[in-house]
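Shown next, in structure tokens, is the structure this report addresses.
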Amino acid sequence: MSTALLLRTTRSHLYPGSIVTFGKNAPRIGEPHPAVIEFADGSGASATLARLDDDTLELAVDAYVTHKRHAIVAKRWLLRPEDAARTTWRVAKRIADART
Numbered sequence: 017m018s019t020a021l022l023l024r025t026t027r028s029h030l031y032p033g034s035i036v037t038f039g040k041n042a043p044r045i046g047e048p049h050p051a052v053i054e055f056a057d058g059s060g061a062s063a064t065l066a067r068l069d070d071d072t073l074e075l076a077v078d079a080y081v082t083h084k085r086h087a088i089v090a091k092r093w094l095l096r097p098e099d100a101a102r103t104t105w106r107v108a109k110r111i112a113d114a115r116t
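My numbering puts the first residue of the sequence shown at 17, with every later residue one more than the last.
Below, the structure written as structure tokens:
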């Protein structure tokens, strides 16, 4: 069983252009990897991270509630590397169909 990766963001939710940081490089495997995402407002959500290719990750975030009690539905996002170390990734776009 894999240890969940800890991801962090500087906002209470994700959107195209927002930043996601990892404590270490993203997994190199194509299989989904468990993750937990910590939002800037202190809320958090379970997530799954999968590498699609060298420069693309898919992040599937489960539904959660922000600190201000806004319900956020489950969504999937494409991430692209923001730095050479590949510990900072930018949300490129939302993938239309969310996990159920």
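Every residue, glycine too, gets a C-beta built ideally from N, C-alpha and C.
Using the DSSP secondary-structure output, state which residues sit across from residue i in a beta bridge.
i    : result
H49  : L65
A56  : Looking at the DSSP assignment, A56 forms no beta bridge with any residue, so it has no partner.
R106 : I35 and R96
Considering only the alpha carbon of each residue, which of the options lies closest to residue i?
i   : options                   : result
L23 : T104, A108, R110 and A112 : T104
K91 : D57, A20, T72 and V107    : V107
S34 : A112, A101 and P97        : P97
G60 : L94, R85 and A100         : R85
G58 : L21, H83 and A112         : H83
Quick one: residues in its chain with C-beta nearer than 6 Å to the C-beta of residue i, no 5 flanking neighbours on either side, listed in chain order?
i   : result
T64 : P48 and A76
I88 : H29 and Y80
Y31 : none
T19 : none
May I have the straight-line CA-CA distance separating residue i from residue j, to the nearest angstrom?
i    : j   : result
H29  : F55 : 7 Å
T26  : E74 : 19 Å
G39  : D99 : 13 Å
A114 : W93 : Note that A114 has pLDDT 46, beneath the 50 cutoff, so the model's placement of it is unreliable and no number is given.
L21  : L95 : 15 Å
A112 : D69 : 19 Å
For residue i, which residues in the same chain have their Cβ closer than 8 Å to its Cβ, ignoring the five residues on either side in sequence?
i   : result
T37 : L23, R24, T25, T103, T104 and W105
D71 : R96 and P97
Near residue i, which residues of its chain fall below 7 Å by C-beta distance, leaving aside the five closest residues on each side in sequence?
i   : result
I53 : L23, T25, G60, A61, A63 and V77
A51 : A20, L21, L23, A63, T64 and L65
Would you say residue i faces chain C, with C-beta separation under 8 Å as the test?
i   : result
P32 : Note that chain C does not occur in the displayed structure, where there is just one protein chain.
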